[in-house]
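J.: Using my numbering, read the sequence shown as starting at 4 and increasing by one per residue. Beta carbons: idealized from backbone N, C-alpha and C, even for Gly. Quick one: this structure, given as structure tokens, is what I'll be asking you about.
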Amino acid sequence: MSMQTGLRRKPTGPTPAELEAEQVLEALSDHACRRILTTLQGAAEPMTAQDLSEACDVPLSTTYRKVEQLSEAGLLEETLQLRANGTHTHQYRSSVESVTVSLNDDRGLEVALGGDR
Numbered sequence: 004m005s006m007q008t009g010l011r012r013k014p015t016g017p018t019p020a021e022l023e024a025e026q027v028l029e030a031l032s033d034h035a036c037r038r039i040l041t042t043l044q045g046a047a048e049p050m051t052a053q054d055l056s057e058a059c060d061v062p063l064s065t066t067y068r069k070v071e072q073l074s075e076a077g078l079l080e081e082t083l084q085l086r087a088n089g090t091h092t093h094q095y096r097s098s099v100e101s102v103t104v105s106l107n108d109d110r111g112l113e114v115a116l117g118g119d120r
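Here it is as structure tokens:
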């Protein structure tokens, strides 16, 4: 016979907000990610990975990885540009103007992405 109790365990893993904060902080702590993000913030138009690679002096393969990391953290937006010849290219732009990090009541970190571009 099994006995059930009314006790509930507090989840031991990170909350979704903590995971989001971690993703943003990891991306911002990476030098290449910061270069890409600041380059895009200063750009008048979205840029391709090739353009970013050249502007940031980062290898193209690294640029693709960093763009993916920044996108997953919610810091970049990706658009698909269709060309007249039928080919397409992905373009990227910064999706935020500011990032605010604060401590919450549970002594955890909160990250707020502000100023959609």
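1) Tell me whether L78 sits in a helix, a strand or coil according to DSSP, three-state version.
2) Is D55 buried or exposed, if buried means 16 or more other CB atoms sit within 10 Å of its CB?
3) Compute the distance between the beta-carbons of T103 and A115, then report whether it is under 8 Å.
4) What is the DSSP secondary structure of R68, counted as helix, strand or coil?
5) Which residue's Cα is closest to the Cα of Q53: A47, V61, A24?
6) In chain order, what residues of the same chain lie with their CB nearer than 6 Å to the CB of T51, ignoring the 5 residues before and after it?
7) Tell me the DSSP secondary structure of K13 in three-state form.
8) Can you name the start and end residues of the beta strand (DSSP E) that A52 belongs to?
9) Could you tell me if L106 is buried or exposed, where buried requires 16 or more neighbouring beta carbons within 10 angstroms of its beta carbon?
10) Pull up the DSSP beta-bridge partners for L85, would you.
11) Check the DSSP bridge columns for T103 and list the partner residues they point to.
12) Applying the criterion that 16 or more other CB atoms from any shown protein chain within 10 Å of the CB defines a buried residue, is Q73 buried or exposed?
T.: Taking the coordinates as given:
1) Walking along the sequence shown from the start, residue 78 turns up at place 75. Correct three-state label for L78: coil.
2) Working through the sequence shown from its first residue, we reach residue 55 at position 52. It is worth fixing the name first, because residue 55 is Leu in this sequence and not Asp. Buried is the call here.
3) For the purposes of this step, residue 103 is taken as the residue at position 100 of the sequence shown. For the purposes of this step, residue 115 is taken as the residue at position 112 of the sequence shown. For the pair T103 and A115, the CB atoms are nearer than the 8 Å cut-off.
4) Taking the sequence shown and counting its residues from 1, the one referred to as residue 68 is at position 65. Three-state DSSP puts R68 in a helix.
5) For this step, residue 53 is matched to residue 50 along the sequence shown. Closest option to Q53, Cα to Cα, is V61.
6) As a first step, residue 51 is located in the sequence shown; it is residue number 48 there, counting from the start. Short of 6 Å from the beta carbon of T51, and not among the five residues preceding or following it, lie these beta carbons of its own chain, in chain order: T92, Q94.
7) Here residue 13 is taken as the residue at index 10 of the sequence shown, counted from 1. Summary for K13: the model assigns pLDDT 49, below 50, so the residue's position carries little reliability; its value from the coordinates is reported in the next sentence. K13 falls in the coil class under three-state DSSP.
8) In the sequence shown, the residue the question calls residue 52 occupies position 49. From DSSP, A52 is part of no beta strand (DSSP E) but of the alpha helix (DSSP H) over 52 to 59.
9) Along the sequence shown, one-based indexing puts residue 106 at 103. Within 10 angstroms of the beta-carbon of L106 lie fewer than 16 other beta-carbons, which makes it exposed.
10) Mapped onto the sequence shown, residue 85 falls at position 82. Looking at the DSSP assignment, L85 forms a beta bridge with H91.
11) Position 100 of the sequence shown, counted from the start, is the residue given in the question as residue 103. According to DSSP, T103 shares a beta bridge with A115.
12) Sequence index remark: in the sequence shown, residue 73 carries index 70 (1-based). It is worth fixing the name first, because residue 73 is Leu in this sequence and not Gln. Flag for L73 reads buried.
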